[in-house]
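Novice: The structure is given below, and queries will be raised subsequently.
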Amino acid sequence: MKDAFGAPQSLLILGGTSEIGLATARRLITRRTRTVFLAGRPCEQLEAAAESLRTIGALVTTVPFDALDPASHEVALGKVFTEGDVDMVLLAFGVLGDQARDEQDPLAAVHVTQVNYTGAVSAALVSAAALQAQGHGSLVVLSSVAAERPRRANFIYGSSKAGLDAFCQGLSDAMHGSGVHVMTVRPGFVHTRMTEGRPATPLASTPDEVAAAIELGLRRRSTTIWVPGTLRLVMAAVRHLPRPVFRRLPV
Amino acid sequence: MPVPFAADPPAEAISVTGWGRTAPSSARVLRPGTYEEAVRAVRECGGRGAIARGLGRAYGDAAQNAGGAVLDMTGLDRIHEIDAVNGLVVCDAGVSLHRLMQVLLPLGWFVPVSPGTRYVTVGGAIGADIHGKNHHTSGSFCRHVRAIELLTGDGETRLVTPEDEPDLFWATAGGMGLTGVVLAATVELLPVETSLMTVDTERATDLDDVMARLTADDHRYRYSVAWIDLLARGARTGRAVLTRGDHAPLDALPPRLRAEPLAFSPGARLPATPRFLPGGLLTRRSVGLFNEFWYRKAPREQRGRLRKLSSFFHPLDGLPDWNRIYGRGGFVQYQFVVGHGEEDALRRIVRRIGSRRCPSFLAVLKRFGDADPGWLSFPVPGWTLALDIPATLPGLAAFLDELDDEVAAAGGRVYLAKDARLRPDVLARMYPRLDAFRELRTRYDPRGAITSDLARRLGV
Ligand SMILES: Cc1cc2nc3c(=O)[nH]c(=O)nc-3n(C[C@H](O)[C@H](O)[C@H](O)COP(=O)(O)OP(=O)(O)OC[C@H]3O[C@@H](n4cnc5c(N)ncnc54)[C@H](O)[C@@H]3O)c2cc1C
Ligand SMILES: NC(=O)c1ccc[n+]([C@@H]2O[C@H](COP(=O)([O-])OP(=O)(O)OC[C@H]3O[C@@H](n4cnc5c(N)ncnc54)[C@H](OP(=O)(O)O)[C@@H]3O)[C@@H](O)[C@H]2O)c1
Chain A
1 MKDAFGAPQS LLILGGTSEI GLATARRLIT RRTRTVFLAG RPCEQLEAAA ESLRTIGALV
61 TTVPFDALDP ASHEVALGKV FTEGDVDMVL LAFGVLGDQA RDEQDPLAAV HVTQVNYTGA
121 VSAALVSAAA LQAQGHGSLV VLSSVAAERP RRANFIYGSS KAGLDAFCQG LSDAMHGSGV
181 HVMTVRPGFV HTRMTEGRPA TPLASTPDEV AAAIELGLRR RSTTIWVPGT LRLVMAAVRH
241 LPRPVFRRLP V
Chain B
1 MPVPFAADPP AEAISVTGWG RTAPSSARVL RPGTYEEAVR AVRECGGRGA IARGLGRAYG
61 DAAQNAGGAV LDMTGLDRIH EIDAVNGLVV CDAGVSLHRL MQVLLPLGWF VPVSPGTRYV
121 TVGGAIGADI HGKNHHTSGS FCRHVRAIEL LTGDGETRLV TPEDEPDLFW ATAGGMGLTG
181 VVLAATVELL PVETSLMTVD TERATDLDDV MARLTADDHR YRYSVAWIDL LARGARTGRA
241 VLTRGDHAPL DALPPRLRAE PLAFSPGARL PATPRFLPGG LLTRRSVGLF NEFWYRKAPR
301 EQRGRLRKLS SFFHPLDGLP DWNRIYGRGG FVQYQFVVGH GEEDALRRIV RRIGSRRCPS
361 FLAVLKRFGD ADPGWLSFPV PGWTLALDIP ATLPGLAAFL DELDDEVAAA GGRVYLAKDA
421 RLRPDVLARM YPRLDAFREL RTRYDPRGAI TSDLARRLGV
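Chains as they are written, first to last, in full-length UniProt numbering: chain A, 1 to 251; chain B, 1 to 460.
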């Protein structure tokens, strides 16, 4: 159960090797989290991630999970929920793709949307239903500022996140009053392996900062959070920029 | 809002919180109107179990049951029998103490223990084994309970008395509803001549002064409590106002009141607090000013003043839904007790709260009497302090964890009826009879039908 401050005791991370996901797990383990499920495609990194959380005192189980195989989600995730209540599900999987290549290769572009959007829709619905059945819990979904206004430089990724973001806003309303809390997280540029080698944009953050923002959002039961928080204001302005200006923005 | 009892078709799940309005979870809220309906609700509760709920005055998640059934007991509200000669009442568990006062006072009887609000049920009073300002003279509520009708998780209804089934009785006393659903109880009453109180008020300049005064002459009063200002610092740390008294005897009343000495008139309740208030109304400054004003307004010393029962016992009850002033984020109450001889721990904690500048309205300090026999009853002889804090205060979670450690190290404990955030491992240190309690639960409830959010959170 979550406590009065929204701190979960058990946590399921979809995308178990995600740097943001693991930073969040580490932070929540210092609060109330004791049980962690890391769901991801079986690999050495997943086991290593599990081991690293064990050393800080969590009881960790890895769960095979592939975003690209929605037909398997119900069974794969259902199993986790039979082992006890899951207080929080963190949907952290995603791929950035390679915009230049993906524009040339429609199937590669589709792959991005299948992970980020359709895979996420499936996993979120399965998780939300399970949380609803237990009558409580938070579903925290990593969207992105890219969802707010598509940019020339990454609109394939951006559109997949925009779809996911819109889906989560609706899901949050659908879950209102059900005891299930849905929170959409919109980070700007975060320094992780996903963005490695790319030039950081202004207002970049670290996985630990995203984790801190998530902890605060849980406490406040927020429905949408930005990381850093100032992005909320910045994007409110950016949303209304005339298109010719927006197109020429360097970021 | 609770729906009328209906097991089929299943009641729709709604969101439920405790008085502090933190950590909502959703449950089917059933409102049995007969014992049979209650029995059926427990027998057919399904995999996520059931828990009894009274008037929801517990601050945390004790009367919540995510994904399962919550039995709103206020539909069981009959007073079956009043023995006005020997001072006994037999009533359903959903009867409130407010109602008992209305009915019993004119007959010259009062409830044996009254908490800071009259709006609790008899079932809730047993579930938390509540204490009042008379703990040092009368102990907790369940010491005055002669018998209970208990619906256990196996679906059986049992008449439980402290003589015949001491284990089940004293596990239920303070057991936070986890041994089963109390359907009815027989409660011993206190005879009174009037519905007024004679009250002595005095100010204490700091924490040591309050403790000294409470230690020196608490025994002269049936009721005693101190309100302490936790925002005062330095030499004034722990400054307080003591209010102590007893029921006024008939001859203490002025002639004009003697005609109707037992009238119970709590006074009009104010309009309800607006539903949507912004958070952040309670700042350090506003609360500090309030505390300052309130300390100054109290008489330095006043003896034998006549006051209404309601203003002496339940000053907050005139303001319905006052919990909303904490806004959407809700609030937590932290109440702990440390034993005699652990005064240093109390001093340290009061100093820490003061230097952290928690915007806490007057906190309540009381000196408990003997420990109660309930396995999970809260009181032990010593000092108890209770304070309200907005849940959104930054760093509060970790700060309270530190206080828990301090309390546990001093052999003390926190009160489960107020709790929404304790760690499971600390609970076991604070309540040594927890294992026996768990064992008893499996005996009477092999299916694990009775459970709550608190039970899940703390692994009870
Ligand atoms: C303003 C205020 C002042 C307070 N002052 C005091 C005080 O001075 N001293 C004190 O001890 N407490 C105090 N409390 C706490 C309160 O007395 C307890 O939480 C009490 O249990 C609330 O009763 P309720 O009927 O509202 O029960 P709920 O809050 O609905 O339930 C509380 C617990 O009792 C159990 N329960 C309820 N009904 C039954 C039943 N029929 N059978 C079995 N279990 C049941 C529930 O499962 C739950 O675990 C105060 C609370 C408030 C809001
Ligand atoms: N980094 C940023 O700047 C940034 C900004 C905004 C939003 N986000 C979002 O935040 C989330 C976490 O990102 P991160 O920075 O932590 O990146 P990361 O470390 O690269 O994590 C991405 C995760 O997605 C998993 N994944 C990819 N394809 C998968 C599939 N088919 N099935 C299951 N899992 C799959 C990866 O697992 P494998 O190890 O198996 O590949 C990895 O665990 C992502 O949704 C990302 O879009 C990131």
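Backbone N, C-alpha and C define an ideal beta-carbon position, used for all residues, glycine too. Since this is a predicted model, take the numbers as computed values, not measurements.
1) Spatial neighbours of D208/A within its chain, please: C-beta separation below 6 Å, excluding the five flanking residues on both sides.
2) Do A173/B and G374/B have their C-beta atoms closer together than 8 Å?
3) Kindly list, in the order they appear in chain B, the residues whose Cβ is closer than 8 Å to that of Q9/A.
4) So, using beta-carbon positions, are R53/B and L71/B closer together than 8 Å?
5) With three or more C-beta pairs closer than 8 Å as the rule, is the segment 419 to 426 of chain B touching the segment 449 to 459 of chain B?
6) Which residues of chain A have a Cβ atom closer than 7 Å to the Cβ of P24/B, listed in chain order?
7) Measuring straight from C-alpha to C-alpha, what distance separates residue 276/A and M183/A?
8) Name, please, each residue of chain A whose Cβ falls closer than 8 Å to the Cβ of I14/B.
9) Checking contacts by CB at 8 Å: is D453/B closer than that to chain A?
10) Is M197/B near ligand 1, going by C-beta to nearest heavy atom under 7 Å?
11) Just to make sure I have the definition right: I need the residues of chain A whose C-beta is within less than 8 Å of the C-beta of G68/B. Which are they?
12) Would the beta-carbon of I353/B be found less than 7 Å away from any heavy atom of ligand 2?
13) Using a Cβ cut-off of 8 Å (strictly closer), state whether F5/A contacts chain B.
14) Please classify S52/B: does DSSP put it in a helix, a strand, or coil?
15) Using three-state DSSP, classify V149/A as helix, strand or coil.
16) Bridge partners for I79/B per DSSP, in chain order?
17) Can you pull out the residues from the segment 309 to 327 of chain B whose beta carbon lies closer than 8 Å to at least one beta carbon of chain A?
18) Given a threshold of 16 other Cβ atoms within 10 Å of its Cβ, counted over all protein chains shown, does G87/B qualify as buried or as exposed?
19) Quick one: does A449/B have its CB under 8 Å from some CB of chain A?
20) Hey, V190/A and I20/A: beta-carbon distance below 8 Å or not?
21) Do you know how far the Cα of I214/A is from the Cα of N154/A?
22) Run the proximity test for H131/B: is its beta-carbon closer than 7 Å to any non-hydrogen atom belonging to ligand 1?
23) Compare the C-beta of R220/A with all C-beta atoms of chain B and state if any pair is closer than 8 Å.
24) From A6/B to V95/B, what does the alpha carbon distance come to, in whole angstroms?
25) Taking a Cβ distance cut-off of 8 Å, strictly less, list which residues of the segment 79 to 106 of chain A are near chain B, in chain order.
26) Return the chain-ordered list of same chain residues with a C-beta closer than 6 Å to the C-beta of residue 473/B, the five sequence neighbours on each side being excluded.
27) Pick from G132/B, L183/B, L168/B, E163/B: whose alpha carbon is nearest that of E149/B?
28) Enumerate, from N- to C-terminal direction, the unbroken alpha helix (DSSP H) stretches of 4 or more residues contained entirely within the segment 216 to 295 of chain B.
29) Whose C-beta lies closer than 6 Å to the C-beta of V177/B among residues of the same chain, with five residues either side of it excluded?
30) Cutting at 6 Å between CB atoms, please list the residues of its own chain near T451/B, excluding the five before and the five after it.
31) Can you find a C-beta in chain A that's less than 8 Å from the C-beta of A428/B?
32) When the Cα atoms are used, what is the spatial distance from T137/B to R328/B?
33) Is the segment 233 to 251 of chain B in contact with the segment 73 to 90 of chain B, if contact means three or more CB pairs nearer than 8 Å?
34) Where does G78/A land, buried or exposed, given buried means 16+ other C-beta within 10 angstroms?
35) Are the Cβ atoms of I13/A and L38/A separated by less than 8 Å?
36) Using the Cβ count rule (16 or more neighbours within 10 Å means buried), how would you classify P379/B?
Specialist: Reading off the structure:
1) The count along the first sequence starts at 1 and reaches residue 208/A at position 208. Hits under 6 Å: A23.
2) Within the second sequence, numbered from 1, the residue matching residue 173/B stands at position 173. Within the second sequence, numbered from 1, the residue matching residue 374/B stands at position 374. Yes.
3) Along the first sequence, read from residue 1 onward, the residue named residue 9/A stands at position 9. Within chain B, the C-beta atoms nearer than 8 Å to that of Q9/A come from R457, in chain order.
4) Taking the second sequence and counting its residues from 1, one reaches residue 53/B at position 53. Taking the second sequence and counting its residues from 1, one reaches residue 71/B at position 71. Taking 8 Å as the Cβ cut-off, R53/B and L71/B qualify as a contacting pair.
5) Judged by Cβ distances under 8 Å, the segment 449 to 459 of chain B makes contact with the segment 419 to 426 of chain B, as three or more pairs qualify.
6) Indexing the second sequence from 1 puts residue 24/B at position 24. Correct list: G179.
7) Given that chain A is displayed from residue 1 to residue 251, the structure contains no residue 276/A and the question cannot be resolved.
8) Position 14 of the second sequence, counted from the first residue, corresponds to residue 14/B. Under the 8 Å cutoff, chain A gives G177.
9) Residue 453/B sits at position 453 when you count from the first residue of the second sequence. Yes, D453/B lies at the interface with chain A (some Cβ there is under 8 Å from its Cβ).
10) Locating residue 197/B in the second sequence gives position 197, counting from the first residue. It does not: the Cβ of M197/B is nowhere closer than 7 Å to a heavy atom of ligand 1.
11) Here residue 68/B corresponds to residue number 68 of the second sequence, with the count starting at 1. Neighbours of G68/B on chain A, chain order: G135.
12) Sequence index remark: in the second sequence, residue 353/B carries index 353 (1-based). Remark: the C-beta of I353/B is outside contact range of ligand 2, defined as less than 7 Å to any heavy atom.
13) Reading the first sequence from its first residue, position 5 is the one you call residue 5/A. The beta carbon of F5/A falls within 8 Å of a beta carbon belonging to chain B, placing the residue at that interface.
14) Numbered from 1 along the second sequence, position 52 holds the residue referred to as residue 52/B. Inspection of the sequence shows that residue 52/B is occupied by Ala rather than by Ser. A52/B falls in the strand class under three-state DSSP.
15) As a working note, residue 149/A is residue 149 in the first sequence. Here the sequence assigns Arg to residue 149/A, which means Val is not the residue at that position. Three-state result, R149/A: coil.
16) Start at 1 with the first residue of the second sequence, and residue 79/B comes out as number 79. Residue pairing by DSSP places I79/B opposite C91/B in a beta bridge.
17) So nothing in the stretch comes that close.
18) As a working mapping, residue 87/B is identified with position 87 in the second sequence. With a 10 Å radius around the Cβ and a threshold of 16 neighbouring Cβ atoms, G87/B comes out buried.
19) The residue labelled residue 449/B in the question sits at position 449 within the second sequence. False, the Cβ-Cβ gap to chain A never drops below 8 Å.
20) Along the first sequence, one-based indexing puts residue 190/A at 190. Along the first sequence, one-based indexing puts residue 20/A at 20. At the C-beta level, V190/A and I20/A come within 8 Å of one another.
21) Counting from 1 along the first sequence, the entry for residue 154/A is found at position 154. Counting from 1 along the first sequence, the entry for residue 214/A is found at position 214. Their Cα atoms are separated by approximately 25 Å.
22) Here residue 131/B refers to the residue found at position 131 of the second sequence. Distance from the C-beta of H131/B to the nearest heavy atom of ligand 1 is below 7 Å.
23) In the first sequence, the residue the question calls residue 220/A occupies position 220. Chain B, which has a Cβ nearer than 8 Å to the Cβ of R220/A, makes this yes.
24) One-based indexing of the second sequence puts residue 6/B at position 6. One-based indexing of the second sequence puts residue 95/B at position 95. Note on A6/B: pLDDT 44, under 50, position unreliable in the model; the coordinate value appears next. A straight line joining the alpha-carbon of A6/B with that of V95/B spans about 21 Å.
25) Those residues of the segment 79 to 106 of chain A that come within reach of chain B (Cβ to Cβ, closer than 8 Å) are D85.
26) Outside the modelled stretch of chain B, which goes from 1 to 460, sits residue 473/B, for which no answer is possible.
27) Taking the second sequence and counting its residues from 1, one reaches residue 149/B at position 149. Check the Cα spacing between E149/B and each of G132/B, L183/B, L168/B, E163/B: the tightest is with L183/B.
28) Correct list: 255 to 258.
29) As a first step, residue 177/B is located in the second sequence; it is residue number 177 there, counting from the start. Correcting the residue type first, residue 177/B is Gly in the shown sequence and not Val. Hits under 6 Å: I51, A52, G127.
30) In the second sequence, residue 451/B corresponds to position 451, counting from 1. So the qualifying residues of the chain are G49.
31) In the second sequence, counting from the first residue as 1, residue 428/B sits at position 428. For A428/B, the answer is no, since every Cβ of chain A falls outside 8 Å of its Cβ.
32) As a working mapping, residue 137/B is identified with position 137 in the second sequence. As a working mapping, residue 328/B is identified with position 328 in the second sequence. Approximately 39 Å, taken between the alpha carbons.
33) They do not touch, by the three-pair rule.
34) In the first sequence, counting from the first residue as 1, residue 78/A sits at position 78. Exposed, because fewer than 16 other Cβ atoms sit within 10 Å of the Cβ of G78/A.
35) To locate residue 13/A, count along the first sequence from 1; it is residue 13. To locate residue 38/A, count along the first sequence from 1; it is residue 38. Yes, Cβ-Cβ distance for I13/A and L38/A is below 8 Å.
36) Along the second sequence, one-based indexing puts residue 379/B at 379. With 16 or more Cβ atoms within 10 Å of its Cβ, P379/B is classed as buried.
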